[in-house]
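Chains A and B, in that order, give the protein sequences. Basically my numbering = 1-based index in the first sequence + 22. Basically my numbering = 1-based index in the second sequence + 22. A virtual CB, placed ideally from N, CA and C, is assigned to each residue, including glycine.
There are 2 protein chains.
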Amino acid sequence: MKKAASIPADSVGVVETQHITLFQDDPLPLDCGATLSPVRVAYETYGKLNEKKNNVILVCHALSGSAHAAGYHSGESRKPGWWETCIGPGKPFDTNKFFIVCSNNLGGCYGTTGPSSTDPATGKPFGLRFPLITIGDMARVQKALVDALGIKQLLSVAGGSMGGMLALQWALDYPQMVKSSLIIAATPRLSAQNIAFNAVARQAILMDPHFNGGDYDSTSLPENGLALARMMAHITYLSEEGLHQKFGRRLQDREKLSYGFENDFAIESYLHYQGSSFVKRFDANTYLYITKAMDYFDPFSDPETTARRLKEVTARFLVTSFDTDWRFDTRRSKEMVRILNWHHKDVTFQEFSSPHGHDSFLLDIPHYKQTLATFLNRLYLEYCQRGG
Amino acid sequence: MKKAASIPADSVGVVETQHITLFQDDPLPLDCGATLSPVRVAYETYGKLNEKKNNVILVCHALSGSAHAAGYHSGESRKPGWWETCIGPGKPFDTNKFFIVCSNNLGGCYGTTGPSSTDPATGKPFGLRFPLITIGDMARVQKALVDALGIKQLLSVAGGSMGGMLALQWALDYPQMVKSSLIIAATPRLSAQNIAFNAVARQAILMDPHFNGGDYDSTSLPENGLALARMMAHITYLSEEGLHQKFGRRLQDREKLSYGFENDFAIESYLHYQGSSFVKRFDANTYLYITKAMDYFDPFSDPETTARRLKEVTARFLVTSFDTDWRFDTRRSKEMVRILNWHHKDVTFQEFSSPHGHDSFLLDIPHYKQTLATFLNRLYLEYCQRGG
Chain A
23 MKKAASIPAD
33 SVGVVETQHI
43 TLFQDDPLPL
53 DCGATLSPVR
63 VAYETYGKLN
73 EKKNNVILVC
83 HALSGSAHAA
93 GYHSGESRKP
103 GWWETCIGPG
113 KPFDTNKFFI
123 VCSNNLGGCY
133 GTTGPSSTDP
143 ATGKPFGLRF
153 PLITIGDMAR
163 VQKALVDALG
173 IKQLLSVAGG
183 SMGGMLALQW
193 ALDYPQMVKS
203 SLIIAATPRL
213 SAQNIAFNAV
223 ARQAILMDPH
233 FNGGDYDSTS
243 LPENGLALAR
253 MMAHITYLSE
263 EGLHQKFGRR
273 LQDREKLSYG
283 FENDFAIESY
293 LHYQGSSFVK
303 RFDANTYLYI
313 TKAMDYFDPF
323 SDPETTARRL
333 KEVTARFLVT
343 SFDTDWRFDT
353 RRSKEMVRIL
363 NWHHKDVTFQ
373 EFSSPHGHDS
383 FLLDIPHYKQ
393 TLATFLNRLY
403 LEYCQRGG
Chain B
23 MKKAASIPAD
33 SVGVVETQHI
43 TLFQDDPLPL
53 DCGATLSPVR
63 VAYETYGKLN
73 EKKNNVILVC
83 HALSGSAHAA
93 GYHSGESRKP
103 GWWETCIGPG
113 KPFDTNKFFI
123 VCSNNLGGCY
133 GTTGPSSTDP
143 ATGKPFGLRF
153 PLITIGDMAR
163 VQKALVDALG
173 IKQLLSVAGG
183 SMGGMLALQW
193 ALDYPQMVKS
203 SLIIAATPRL
213 SAQNIAFNAV
223 ARQAILMDPH
233 FNGGDYDSTS
243 LPENGLALAR
253 MMAHITYLSE
263 EGLHQKFGRR
273 LQDREKLSYG
283 FENDFAIESY
293 LHYQGSSFVK
303 RFDANTYLYI
313 TKAMDYFDPF
323 SDPETTARRL
333 KEVTARFLVT
343 SFDTDWRFDT
353 RRSKEMVRIL
363 NWHHKDVTFQ
373 EFSSPHGHDS
383 FLLDIPHYKQ
393 TLATFLNRLY
403 LEYCQRGG
């Protein structure tokens with residue numbers, strides 16, 4: 023990994039997304055009963071796999087993320103990976119110590135098989151003929167990737183928001199393989215309010231006249247619907263306090279109210295910008311599938327199954343939340359902690375103070391980063407350095 | 023007012039919406055600089071005006087309300103007015119004592135002049151040619167109605183949500199006329215988050231292909247956009263706790279997940295129902311104008327003007343909020359109380375406990391109703407009964 027002059031020294035530098043094709047002979051079984059074959063997976067790695075192959079951390083992305091978690095795709099690029107704040111030399115996910123793997127989730131639109139992929143049965147994009155997927159299915163694909171890379175053990179599975187849900191899923195589904203789960207700003211299940219917001223977002227997409235039952239092409243995209251979905255979701259990613267501090271009732275490039283339907287307030291312009299930039303980089307069908315997978319996530323719904331599965335779990339858990347996150351607030355994290363505690367799991371919980379709401383997990387917050395670093399470093403000392 | 027057998031004894035019974043045409047000779051001046059003439063106003067009254075005409079309470083409705091605050095439009099109707107819980111014989115707004123007036127707000131779609139009214143200049147509906155209106159303009163029209171009814175003094179101006187904003191506006195604009203303001207679940211200004219939700223709701227309407235720049239007709243309405251706006255707003259009217267209690271993750275008429283894009287969860291069906299029933303009764307242009315009027319409301323923005331105006335105010339204030347209301351939460355009410363206190367106004371503040379969020383102000387909550395009743399009854403004893 024070479025570094026261009028413009029790239030900060032604490033970045034992993036210029037990185038490339040790699041691709042692998044899995045489930046070619048044995049199709050991927052899905053929770054809904056359908057199968058998929060083949061499944062292409064986009065992934066990136068940072069740092070170096072040690073000889074014992076025991077320094078691996080799987081990083082899981084959230085709703086709109088990609089395999090590009092750290093570094094830059096070119097020396098000229100100004101936009102680093104989505105977790106550049108936390109992954110790199112000397113950062114919590116220290117690439118001098120760890121080998122980091124991040125893949126685009128199943129159903130995604132950044133290189134992994136999803137609704138915009140070609141359906142081998144028809145030669146056309148799947149669209150809504152793509153089967154419904156779950157967080158468990160996503161983990162199953164990640165497991166196949168890790169297997170293909172010759173990795174037998176994960177020092178940690180880590181993620182924020184839906185990435186945290188994936189980290190929990192991993193600990194439950196592959197208990198022998200996971201040394202720790204780092205679950206940030208997540209929830210063991212979506213609340214009625216969470217589902218409600220997802221339902222309205224999906225409705226916005228489904229009702230867009232360009233949606234065409236999911237069979238749109240690049241010349242006619244359901245941009246309005248997807249932009250609306252993103253604008254609304256974006257409100258839930260930020261805290262009321264954060265919005266107040268950043269925008270308040272400040273007017274946008276004007277001295278007086280417009281007395282018209284323009285963007286009078288800065289917050290309106292900001293949201294419109296968020297919506298219109300999102301549609302350039304994200305697929306509407308993927309938005310539908312991923313929100314549904316989140317709605318379905320509920321690994322602790324049945325107490326008996328929970329007890330049986332948690333009995334096998336050996337992972338150490340770090341569960342963290344942010345005090346102004348109202349999408350998945352601290353009570354959701356505590357719900358998870360309570361269940362893990364009840365079943366005698368090794369859980370550390372920490373709530374951090376930040377005005378930035380749900381999005382805090384992506385930001386450069388010293389206390390938060392220090393806590394991740396300490397947790398991961400202890401694992402490193404225990405498992406990797408000892409005689410390593 | 024006769025009562026049909028099916029109508030409860032504590033209802034005002036069968037009522038009729040009345041209409042009056044105002045500003046025929048002298049046009050209504052608006053804050054935006056434009057004028058309107060004539061202005062038709064739909065209103066209802068309950069109870070009896072006493073001889074001294076000093077037992078009048080003006081009740082102000084919220085975003086989607088109408089003049090029909092209490093009673094039934096027919097003996098067969100099952101749907102009472104929007105504040106039936108609080109208005110009627112023996113209720114807080116006791117029609118045995120008070121003469122209640124409620125009018126549809128300017129810009130509305132229930133009989134008062136608004137964007138769906140005929141523009142006298144073109145003979146066609148105004149649509150987006152209707153001028154932008156403010157909460158102050160709405161109060162100005164109510165003032166003209168009250169004048170036309172021969173009423174010189176209001177014992178109280180009362181309302182919840184935007185109705186509470188109107189109650190505050192009245193105390194400031196007509197300080198000699200208002201004995202008290204009852205401001206429930208309201209705010210002295212919308213926050214950035216409030217404006218953000220309104221902006222997304224408007225975007226949903228403006229982007230609907232049937233919106234047609236506001237020139238739609240009944241054969242082709244922007245129903246999807248308006249339904250989306252309502253679904254999203256509805257989430258903000260209810261509390262997370264309330265949604266959890268009422269819906270949780272309960273499935274809708276099914277034993278198992280659909281693994282499709284149907285309404286798996288009861289909350290989804292409920293929201294879709296809320297959206298589709300709203301479009302049958304509300305006008306999309308009105309939604310645009312009223313949300314904009316709310317965005318603009320900010321009577322205390324300038325400290326000097328605030329001091330000057332509050333000096334004239336003689337009204338007694340009752341400000342109330344609900345602990346799970348996150349649309350206009352308790353901190354917003356307290357902001358208002360702080361300013362009124364600072365300027366030596368007579369303010370009582372009360373927060374009520376209710377799991378039902380913003381919508382609580384419409385519900386039958388004993389402690390809340392008792393507080394309204396006590397406040398209004400004291401005014402009655404002081405002003406109406408004493409030698410009355």
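Rounding to the nearest angstrom, what Cα-Cα distance links residue i and residue j in this structure?
i                      : j                      : result
residue 343 of chain B : residue 390 of chain B : 9 Å
residue 261 of chain B : residue 166 of chain B : 37 Å
residue 410 of chain B : residue 72 of chain B  : Low per-residue confidence applies at residue 410 of chain B: pLDDT is 45, beneath 50, and the placement is therefore not dependable enough to give any value.
residue 256 of chain B : residue 282 of chain B : 24 Å
residue 56 of chain B  : residue 279 of chain A : 14 Å
residue 380 of chain A : residue 207 of chain B : 26 Å
residue 449 of chain B : residue 37 of chain B  : The structure shown does not extend to residue 449 of chain B, since chain B is modelled only from 23 to 410, so the question has no answer here.
residue 285 of chain B : residue 161 of chain A : 25 Å
residue 387 of chain B : residue 376 of chain B : 8 Å
residue 306 of chain B : residue 248 of chain B : 6 Å
residue 384 of chain B : residue 356 of chain B : 21 Å
residue 347 of chain A : residue 275 of chain A : 30 Å
residue 345 of chain B : residue 373 of chain B : 6 Å
residue 109 of chain B : residue 230 of chain A : 42 Å
residue 29 of chain B  : residue 97 of chain B  : 7 Å
residue 116 of chain B : residue 101 of chain B : 20 Å
residue 211 of chain B : residue 263 of chain A : 15 Å
residue 157 of chain B : residue 319 of chain B : 6 Å
residue 127 of chain A : residue 81 of chain A  : 11 Å
residue 291 of chain B : residue 405 of chain B : 50 Å
residue 193 of chain A : residue 239 of chain B : 56 Å
residue 31 of chain A  : residue 309 of chain A : 35 Å
residue 317 of chain B : residue 304 of chain A : 31 Å
residue 205 of chain B : residue 232 of chain B : 37 Å
residue 382 of chain A : residue 33 of chain B  : 51 Å
Do residue i and residue j have their CB atoms nearer than 9 Å?
i                      : j                      : result
residue 44 of chain A  : residue 163 of chain A : yes
residue 399 of chain B : residue 119 of chain B : yes
residue 179 of chain A : residue 122 of chain A : no
residue 95 of chain B  : residue 39 of chain B  : yes
residue 75 of chain A  : residue 175 of chain A : yes
residue 296 of chain B : residue 252 of chain B : yes
residue 250 of chain A : residue 226 of chain B : yes
residue 171 of chain A : residue 402 of chain A : no
residue 150 of chain B : residue 47 of chain B  : no
Mapping the DSSP letters down to three states, classify residue i as helix, strand or coil.
i                      : result
residue 143 of chain B : coil
residue 382 of chain B : helix
residue 94 of chain A  : strand
residue 238 of chain B : coil
residue 410 of chain B : Caution is warranted here: a pLDDT of 45 is assigned to residue 410 of chain B, below 50, making its placement in the model unreliable, and the coordinate value is therefore given only provisionally. The answer is coil: DSSP assigns residue 410 of chain B none of H, G, I, E or B.
residue 148 of chain B : coil
residue 420 of chain A : Nothing about residue 420 of chain A can be read from this structure; chain A reaches only from 23 to 410.
residue 294 of chain A : helix
residue 322 of chain B : coil
residue 300 of chain A : helix
residue 390 of chain A : helix
residue 284 of chain A : coil
residue 351 of chain B : coil
residue 83 of chain B  : coil
residue 163 of chain B : helix
For residue i, list the residues DSSP reports as bridge partners.
i                      : result
residue 116 of chain A : A/110
residue 182 of chain A : A/206
residue 124 of chain B : B/66 and B/81
residue 341 of chain A : A/205 and A/371
Take every Cβ of the stretch 186 to 202 of chain A, pair it with every Cβ of the stretch 329 to 348 of chain A, and state whether three or more of those distances are shorter than 8 Å. yes
For the 8 Å Cβ check, are there 3 or more pairs between the stretch 119 to 135 of chain A and the stretch 81 to 90 of chain A? yes
Looking at C-beta atoms only, is the number of pairs between the stretch 355 to 368 of chain A and the stretch 320 to 334 of chain A that lie closer than 8 Å three or more? yes
Taking 8 Å as the cut-off, does the stretch 218 to 229 of chain A touch the stretch 307 to 318 of chain A (at least 3 CB pairs, one atom from each stretch)? yes
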